[in-house]
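Novice: If you read the protein sequences in the order shown, they are chains A and B.
The first sequence begins at 2 in the numbering used here and counts up by one.
The second sequence begins at 2 in the numbering used here and counts up by one.
Note that beta-carbon positions come from the ideal geometry of N, C-alpha and C, so glycine has one too.
Remember, it's a predicted structure, so these values are computed and weren't measured experimentally.
Number of protein chains: 2
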Amino acid sequence: MEFKDNVPIYLQIEQRLIKQIVQGQLQAGDRLPSVRKLAVTETVNVNTVQRALRDLNMQGFIYTKRGEGNFVTDDQDLIADTKEQLIKQAVTDFLKEMQGLGLEHRSAQAALENYLRKEEQDGDSEH
Amino acid sequence: MEFKDNVPIYLQIEQRLIKQIVQGQLQAGDRLPSVRKLAVTETVNVNTVQRALRDLNMQGFIYTKRGEGNFVTDDQDLIADTKEQLIKQAVTDFLKEMQGLGLEHRSAQAALENYLRKEEQDGDSEH
DNA sequence: CTTACTGTTATATTTATCTAATACAGTATT
DNA sequence: AATACTGTATTAGATAAATATAACAGTAAG
Numbered sequence: 002m003e004f005k006d007n008v009p010i011y012l013q014i015e016q017r018l019i020k021q022i023v024q025g026q027l028q029a030g031d032r033l034p035s036v037r038k039l040a041v042t043e044t045v046n047v048n049t050v051q052r053a054l055r056d057l058n059m060q061g062f063i064y065t066k067r068g069e070g071n072f073v074t075d076d077q078d079l080i081a082d083t084k085e086q087l088i089k090q091a092v093t094d095f096l097k098e099m100q101g102l103g104l105e106h107r108s109a110q111a112a113l114e115n116y117l118r119k120e121e122q123d124g125d126s127e128h
Numbered sequence: 002m003e004f005k006d007n008v009p010i011y012l013q014i015e016q017r018l019i020k021q022i023v024q025g026q027l028q029a030g031d032r033l034p035s036v037r038k039l040a041v042t043e044t045v046n047v048n049t050v051q052r053a054l055r056d057l058n059m060q061g062f063i064y065t066k067r068g069e070g071n072f073v074t075d076d077q078d079l080i081a082d083t084k085e086q087l088i089k090q091a092v093t094d095f096l097k098e099m100q101g102l103g104l105e106h107r108s109a110q111a112a113l114e115n116y117l118r119k120e121e122q123d124g125d126s127e128h
């Protein structure tokens, strides 16, 4: 997997796993790949994986059974709340970014609509 | 000025300055504050400012007159192109982020519209 | 009990970021 | 020339992130 420069790998792993959980790719109770397997597939050190999982544990997204593995939380409310919060965050981040470029909220919306319109005209696989 | 954790300060300074340029807050030919003044106002070391300015120089956004200061490029095309590119980038980043949360493009658009509608209903200062 | 998986912890090393302090160099004003 | 601004460069030190390596500990199946 590729990582962005300039943002810690363990954070990127965290965020990716959280997204997989809220998106349903990883379901409540599912077992994660073992730390060593994750380290291999992410081409990253075991300690780096451990660091990410430790954070996810503290945040309640996963729980650990020592000797067995790490499992996705059964707290459906947490998952739903997180999803809602991440969506809202993405929206406000987008608006803030556009505002920093000189576009007010409605202009930002217009830019998005404009992009999607072009995307439809050109043949852009998904719709 | 506050900085985000986990993303290098010199990069945040770079990005902020670029935004000020494309947004028109800093105009072509304008002199930037001196490195030492920037270091004070950003509560950051001179070397960190220098690092940011060195990058901006290489990218063509500013030019340096030694002994005089740093000045915003006169290349209007570069500024316009960069603005356009940053806007497109913000849009695609937003869509990609939403897709990672399980929302297709049209759903992402709907979420944005929904947010803006609520914002209007509540008294949200700007419009 | 042995084996082979799990997660956990510790030590040492490298690299990037950031700071601090200092010195050097160009420009302009007096 | 002296002063006071500019940018530039160097050195040293602190911290965080990531790697490599190794050992320790729980679980389960043979």
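1) Give me the Cα-Cα distance between A/R118 and A/A111, rounded to the nearest whole angstrom.
2) Taking only the alpha-carbon atoms, compute the straight-line gap between A/F62 and B/T42 and give it to the nearest angstrom.
3) Start and end of the alpha helix (DSSP H) containing B/K5?
4) Out of A/T74, A/Y11, A/Q13 and A/R52, which one is the CA nearest neighbour of A/G25?
5) Taking the beta carbon of A/M59 as the centre, do at least 16 other beta carbons fall within 10 Å, making it buried, or is it exposed?
6) With 7 Å as the limit, tell me which residues of the region 9-21 of chain A have their beta carbon closer than that to any beta carbon of chain B; keep them in chain order.
7) Under 8 Å, with one C-beta from each stretch per pair, do the region 77-89 of chain B and the region 77-91 of chain A reach the 3-pair mark?
8) Tell me, please, whether the CB atom of A/I88 is closer than 8 Å to any CB atom in chain B?
9) Which partner residues of A/T65 appear in the DSSP bridge assignment?
10) List, in chain order, every chain B residue whose beta-carbon is nearer than 7 Å to that of A/N48.
11) By the DSSP assignment, the alpha helix (DSSP H) with B/D82 in it spans what residues?
12) Is the Cβ of B/L117 closer than 8 Å to any Cβ of chain A?
13) As a quick exercise: from A/G30, A/R107 and A/Y64, pick the residue whose alpha carbon is nearest that of B/E114.
Specialist: A quick look at the data gives this:
1) Indexing the first sequence from 1 puts residue 118 of chain A at position 117. Indexing the first sequence from 1 puts residue 111 of chain A at position 110. Rounded to whole angstroms, A/R118 and A/A111 show a C-alpha spacing of 10 Å.
2) Taking the first sequence and counting its residues from 1, the one referred to as residue 62 of chain A is at position 61. Taking the second sequence and counting its residues from 1, the one referred to as residue 42 of chain B is at position 41. Computed Cα separation, rounded: 40 Å.
3) The sequence position of residue 5 of chain B within the second sequence is 4, counting from 1. Element bounds for B/K5: n/a, residue is neither H nor E.
4) To locate residue 25 of chain A, count along the first sequence from 1; it is residue 24. When each option's Cα is compared against that of A/G25, the closest is A/T74.
5) On the first sequence, position 58 is the one that residue 59 of chain A refers to. So A/M59 counts as exposed.
6) For the region 9-21 of chain A, the set of positions with a beta-carbon nearer than 7 Å to some beta-carbon of chain B reads P9, L12 and K20 in chain order.
7) Touching, no, given that fewer than three Cβ pairs across the two stretches are closer than 8 Å.
8) Taking the first sequence and counting its residues from 1, one reaches residue 88 of chain A at position 87. At a cut-off of 8 Å between beta carbons, A/I88 contacts chain B.
9) Here residue 65 of chain A refers to the residue found at position 64 when the first sequence is read from its first residue. A/N71.
10) Along the first sequence, one-based indexing puts residue 48 of chain A at 47. For a Cβ distance threshold of 7 Å, nothing in chain B lies close to A/N48: the least Cβ distance comes to about 18 Å.
11) The sequence position of residue 82 of chain B within the second sequence is 81, counting from 1. Note, B/D82: alpha helix (DSSP H), Q77 to G101.
12) Counting from one through the second sequence, the residue named residue 117 of chain B turns up at place 116. So, interface residue.
13) The residue labelled residue 114 of chain B in the question sits at position 113 within the second sequence. Taking only the C-alpha atoms, the option nearest B/E114 is A/R107.
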